[in-house]
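In my numbering, the protein residues as written are 12 to 414.
Read through the structure below, which is laid out as structure tokens, and then see the notes.
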């Protein structure tokens with residue numbers, strides 16, 4: 012007897028996987044297990060629109076969701092996988108023909124005195140955003156611990172709303188892991204121009220307060236008053252189900268380029284998946300665009316349509332009103348090439364290794380990004396002097412041939 016397919020996680024990767032299954036002719040039962048009770052929404056908006064009183068965009072309309080004819084276990088939690096049998100926290104179990112883990116990631120925990128005080132927030136889900144938004148209703152002094160992508164987005168949003176904001180970052184520059192040193196420096200300048208106070212190469216000793224958080228003590232003894240403390244120190248893939256089922260995990264569920272784990276019948280996509288990269292290696296990409304792509308590939312593999320797709324990281328962010336678009340990896344071997352004026356209206360930064368463009372970040376340059384992204388994808392060798400020259404059409408480099 013044919014068993015249903017199960018998708019654990021009702022976020023972007025889970026919904027896209029269900030849509031892909033139906034679009035590819037799968038007509039049997041699909042079970043969608045989702046801990047969050049809300050209608051599926053776009054998480055990138057949590058650090059932007061959702062903090063300003065708006066609601067994040069939905070992933071698909073109620074009508075479109077209904078057409079998928081899902082057995083949606085809303086508010087349920089998967090607790091174990093035994094072979095291809097999925098057990099839920101309500102005591103029920105379901106035999107399946109395959110399980111896709113799209114469980115995402117949670118905010119990484121830190122062991123700090125005072126971390127459990129009221130007034131300390133993380134931001135990974137809609138309820139987190141609503142709680143933080145309510146805390147920001149009054150004029151507040153905010154300390155953001157962690158100068159990564161989400162931390163800087165929160166700082167930018169809160170500062171534009173009129174709050175006093177301080178960011179504490181342990182590294183040399185903000186968002187350096189995602190953007191590299193040059194773009195990290197540029198992002199710091201933008202936030203400082205906005206009025207955000209930034210402490211670099213700084214570590215936190217404790218969050219202080221009695222009945223609620225009132226400030227942050229740095230390891231150098233400095234005290235930063237705060238009504239609200241936001242912890243943004245990275246994400247931890249929710250891979251416990253896979254680990255317990257015997258699947259290999261390494262900062263996420265280890266999958267091949269079709270989304271197949273090391274346990275037959277278990278697949279993974281999105282933030283929980285450690286996916287192979289085009290340039291070698293693997294990691295969880297924590298990206299909206301990559302989660303969509305991985306979900307489609309893994310869903311197809313579940314029904315026997317295997318199409319291996321190593322990934323290139325694609326993402327975007329908005330800092331101080333400036334849109335940054337990214338493709339590939341901006342950290343790693345090779346050199347950096349700046350195209351345009353960093354103080355101007357738009358510019359781009361490339362990482363070039365072995366003569367090939369391995370990563371790019373553009374600022375307020377969507378048309379240039381479209382071409383730069385293709386350079387990363389094509390792995391074509393290009394001269395850095397042409398890449399750096401703004402008068403060179405990037406499109407022309409797509410067909411460049413080394414003499």
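Just so you know, even glycine gets a beta-carbon here, dropped at the ideal spot from N, CA and C.
Quantities reported herein were computed from a predicted structural model and do not represent experimental measurements.
Residue 302: member of the alpha helix (DSSP H) spanning 299-313, first to last residue.
By the neighbour-count criterion, in which a residue is buried when 16 or more other Cβ atoms sit within 10 angstroms of its Cβ, residue 184 is buried.
Secondary structure note for residue 384: its alpha helix (DSSP H) is the uninterrupted segment 377-389.
If you draw a 10 Å sphere on the C-beta of residue 103, you find fewer than 16 other C-beta atoms in it, and that means exposed.
Here residue 40 carries a coil assignment [DSSP, helix/strand/coil]. Just so you know, the alpha carbons of residue 38 and residue 203 end up roughly 54 angstroms apart. Here residue 212 is exposed, its C-beta having fewer than 16 other C-beta atoms within 10 Å. Within the DSSP secondary-structure output, residue 347 pairs in a beta bridge with 362. Between the stretch 124-141 and the stretch 41-53 there are three or more inter-stretch CB-CB distances shorter than 8 angstroms, so the stretches are counted as touching. One thing to note: residue 295 has its Cβ no nearer than 7 angstroms to the Cβ of residue 343. Membership of residue 251 in any beta strand (DSSP E) is not indicated; the residue belongs instead to the alpha helix (DSSP H) covering 251-255.
Here residue 128 is near residue 220, since their CB atoms are less than 7 angstroms apart. By the Cβ-count criterion, residue 68 is exposed, with fewer than 16 other Cβ atoms from all chains shown falling within 10 Å of its own Cβ. At the C-beta level, residue 253 and residue 260 come within 7 angstroms of one another. Residue range 137-146 is occupied by the alpha helix (DSSP H) that includes residue 146. For residue 187 and residue 42, the gap between their C-alpha atoms comes out near 40 angstroms.
Here residue 63 is exposed. Its C-beta has fewer than 16 other C-beta atoms within 10 Å. Using a Cβ distance threshold of 7 angstroms, residue 14 and residue 78 do not count as a contacting pair. Looking at the DSSP output, residue 325 shares a beta bridge with 338. The C-alpha of residue 389 is placed about 8 angstroms away from the C-alpha of residue 409. With a cutoff of 7 angstroms on beta-carbon distance, residue 325 and residue 338 are scored as near each other. By alpha-carbon distance to residue 382, the top candidate from 336, 125 and 346 is 336. Inclusion of residue 248 and residue 287 in the CB contact set at 7 angstroms is not warranted, their separation being larger than that value. Rounded to the nearest whole angstrom, the C-alpha separation of residue 356 and residue 315 is 48 angstroms.
Residue nearest to residue 276 within the set 207, 70 and 312 is 312 (criterion: CA-CA distance). Taking the C-beta atoms as reference points, residue 224 is found nearer than 7 angstroms to residue 130. Taking every protein chain shown into account, the CB of residue 250 has 16 or more other CB atoms within 10 angstroms, so this residue is buried. Of all alpha-carbon atoms in 155, 198 and 20, the one lying nearest the alpha-carbon of residue 235 is that of 155.
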